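Colleague: Okay, here's the structure, questions in a sec.
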Amino acid sequence: MISIHILMLLIILFWNYDCDIIPRIEECGLSCSQGIHCKSKPSSGIFNSFCHSAPASLSSMVLKSMKISTVIQCVQGSPCSLHLNIKGTLSLDENIRGLEICSFSLDTQQSQCTNVRFARKKSKILNGKKVQVQFNCFEVNVAQHIYVTMKTVPNYCEVKMSQEYYVEDCRNSDVGKHIPACLAGKLDYNVDRTRKVISVNVSNFLRDQDYYIRLCHKWFTCEDVGQFAVIRGKDSLKSVSLKYSQLLPCLCIEGWLAIPDARRLQLCPFENDTTSLWDNIVYTPVTQTLAWEPACPVLVIVNLCRLMKSNDHCEDIQDSSKRFPEKVKYSRVDTHPRLCMKFTTKQGSWVKCPFAHGEFPAWKMRTAAVADRIQVFFTSQTKAHFSVLVCNRTQLASCESVGMRHSVSVGDSVSITMSREMCGSTICIQGWRTDVDYSVPLQICDIHCGFRGQTYGNENPAKAMTHRNVSPLSLSPLLAPLTPLFLLSAVWPERMKSVHSLH
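Sequence positions in the sequence shown follow mature numbering (1 follows the signal peptide of the UniProt record, and there is no 0) and run -19 to -1, 1 to 484.
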């Protein structure tokens, strides 16, 4: 025995199936009930737009009802079309010669009107009798928003009926199968990445009808990318080639029939090709601004990060995370080669280092060790200020301060006293820029106790150079060969004055 739940499901399915079926007509026309002879002719609606006071004997309820539905007219050899099926009921009266029925499209602002006239002799004999008028010659488009009015002729004030109506769209199975505007066709494509060309083949559409193809970038709407192509209905070859500049996840192929309000078919085959999105990084030297603006909408988290030499991991810089709303911008950014941008989506993470190619000035940190003291100095092509401290690197990207913080400028140095308690394989000298908002901290680590004249470079311990009887006062001869590194270039390269696009 069929359960009540299965029975209800079957009823719902059959009900939905029946609801999708739209009645057919072979010819459109006008009909009146009660044997009333009536005829119609197109009307502009202008001459009946002004109303008159109704006679005292005429009831305001002379118009009883109005119902609107959709019908499909299919004529052999021609495409099917949608029509409004308008039914109105009124009481015949000697003061009424007919009806005016109008439809107004709220989408296109276009109107259609018809004037329905009754035979006067019959209307007098059947005075007070109800008559039903049916008219179905107003052609409409898929998914149109229609405003329908019904007035008496003459037009008596306050004797009027009106109703809004929505025509079925292509989601209706009957409309989707038989109305040309819904026959969007089928798109097949092939990509030639060498020539940057997408070949598109179209099938399953009206053969005698022209078809448009274009490439577009899909945001809220699909925005044009170049010119669209036309496949002529008479052409035997139903394919076109479209050039593109860049394969982006929002690059779509769109096709539609060359008829008003045609349904558009979109194919977006590159949605997972996000790699090229991260290339659009721009640095402006004058304002020290680093910016990224995507060519497509994408859900992404952007961070500035420090690229680690040891394992190519990029450690996030504190307070630099931004969730993409639109354009991402960082002000007062350090141009060090290890300062990078990290992009994270559901598909993974990508790191781009805009300053890694040596096009921008980078600073360096050096140390010289003598007895129980370490001399720290910085070199840079631009004026800069730094902070230095001794820290204990407990993790690869974490270094906890174990001493006092010192400030130093380019061309100067700072001397740090190292006690044996502060020495060890995890002890580092850490330095970073303080005259910018975003800087990468550099570290010189593995500093040993009882050093006898050693020099180190940032994050790359140099080979120790041993000197006999070296005292703190003899530091100058040790640093003499490095003196040129202290010099600050006063000339900012001319090419840095313009905005650079980084890849």
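Here a beta-carbon is modelled for each residue, glycine too, at the ideal position from N, C-alpha and C.
In this text the structure is predicted, and so the values were computed from the model without any measurement.
Just checking my contact of Cys138 with Ser34 at CB under 8 Å: how many whole Å lie between their CB atoms?
Modeller: 6 Å
Colleague: Can you give the Cα-Cα distance for Pro230 and Asn292, rounded to whole angstroms?
Modeller: C-alpha separation (whole angstroms): 30 Å.
Colleague: Could you tell me the alpha carbon to alpha carbon distance between Cys277 and Leu423, rounded to whole angstroms?
Modeller: 35 Å
Colleague: Give the C-beta separation of Gly412 and Val351 to the nearest angstrom, bearing in mind that I take them to be a contact with Cβ-Cβ under 8 Å.
Modeller: Between Val351 and Gly412 the Cβ distance is about 19 Å, and since that is not below 8 Å, they are no contact.
Colleague: How is the alpha helix (DSSP H) around Lys158 delimited, first residue to last?
Modeller: 154 to 159
Colleague: Is it buried or exposed, Ile428, if we count other Cβ atoms within 10 angstroms and call 16 or more buried?
Modeller: Looking at its Cβ environment, which holds 16 or more other Cβ atoms inside 10 Å, Ile428 is buried.
Colleague: Taking 8 Å as the cut-off, does the region 169 to 177 touch the region 110 to 121 (at least 3 CB pairs, one atom from each stretch)?
Modeller: no
Colleague: Per DSSP, what are the beta-bridge partners of Thr256 in this structure?
Modeller: In DSSP, Thr256 forms no bridge with anything.
Colleague: Checking the sheet assignment: what are the DSSP bridge partners for Cys23?
Modeller: One point to set straight first is that residue 23 is Pro, not Cys, in the sequence displayed. BP columns for Pro23 point to Thr95.
Colleague: Are there 16 or more other CB atoms within 10 angstroms of the CB of Ala349, so buried, or fewer, so exposed?
Modeller: buried
Colleague: Could you check whether the region 148 to 162 touches the region 62 to 71, counting it as contact only if at least three pairs of C-beta atoms, one from each stretch, sit closer than 8 Å?
Modeller: Contact holds: three or more Cβ-Cβ distances are below 8 Å.
Colleague: Apart from the five residues on each side of it in sequence, which residues of its chain come closer than 6 Å, Cβ to Cβ, to Asp1?
Modeller: Asn153, Ser154, Asp155
Colleague: Is the region 332 to 342 touching the region 311 to 320, taking contact as three or more C-beta pairs under 8 Å?
Modeller: yes
Colleague: Less than 7 Å between the C-beta atoms of Phe324 and Val283, yes or no?
Modeller: In this structure, Phe324 lies near Val283, with their beta-carbon atoms less than 7 Å apart.
Colleague: Can you find the residues in the same chain that come closer than 7 Å, C-beta to C-beta, to Val281, ignoring five residues on each side of it along the sequence?
Modeller: Once the five neighbours on either side are set aside, the close Cβ partners of Val281 are Phe305, Phe324, Thr325, Thr326.
Colleague: Pull up the distance between the alpha-carbon of Lys364 and that of Ser396, whole angstroms please.
Modeller: 21 Å
Colleague: Taking contact to mean 3 or more Cβ pairs, one atom from each stretch, closer than 8 Å, check whether the region 300 to 315 and the region 234 to 253 are in contact.
Modeller: no
Colleague: Quick one: what does DSSP say Val114 is sitting in, helix, strand or coil?
Modeller: strand
Colleague: Given Leu11, which residues of its chain have a CB within under 8 Å of its CB, disregarding the five upstream and five downstream residues?
Modeller: Answer for Leu11: Cys19, Lys20, Ser21, Thr95, Val97, Val114, Gln115, Phe116, Cys118, listed in chain order.
Colleague: Any idea which residues DSSP pairs Cys409 with across the strands?
Modeller: Cys372, Cys426
Colleague: Return helix, strand or coil for Cys138, following the three-state DSSP convention.
Modeller: coil
Colleague: Assuming Ser86 and Gln57 form a contact by the criterion Cβ under 8 Å, report the distance between their Cβ atoms to the nearest whole angstrom.
Modeller: So it is not a contact: roughly 28 Å between Cβ atoms.
Colleague: Going by beta-carbon coordinates alone, are Val421 and Arg213 separated by less than 7 Å?
Modeller: Result no, Cβ atoms of Val421 and Arg213 do not sit closer than 7 Å.
Colleague: According to DSSP, is Asp205 part of a helix, a strand, or is it coil?
Modeller: Three-state DSSP puts Asp205 in a strand.
Colleague: How many whole angstroms separate the CB atoms of Ser184 and Lys219, which I take to be in contact at a CB cut-off of 8 Å?
Modeller: Between Ser184 and Lys219 a beta carbon distance of about 7 Å is seen, short of the 8 Å cut, so the two are scored as contacting.
Colleague: Hey, how far is the Cα of Asp260 from the Cα of Gln227?
Modeller: So the alpha carbons of these two residues sit roughly 11 Å apart.
Colleague: Could you pull the start and end residues of the beta strand (DSSP E) that Phe359 belongs to?
Modeller: From DSSP, the beta strand (DSSP E) with Phe359 extends over 354 to 360.
Colleague: Are three or more beta carbon pairs between the region 242 to 253 and the region 370 to 389 nearer than 8 Å?
Modeller: no
Colleague: Using a Cβ-Cβ cut-off of 6 Å (strictly less than) and excluding sequence neighbours within five positions of Ser50, which residues of its own chain qualify?
Modeller: Answer for Ser50: Asn66, listed in chain order.
Colleague: Report the residue from Phe201, Asp216, Asp242, Arg195 whose alpha carbon sits nearest the alpha carbon of Gln208.
Modeller: Among Phe201, Asp216, Asp242, Arg195, the Cα nearest to that of Gln208 is on Arg195.
Colleague: Candidates Lys68, Val52, Thr256: which alpha carbon is nearest Glu7's?
Modeller: Its Cα nearest to that of Glu7, the residue Val52 stands out among Lys68, Val52, Thr256.
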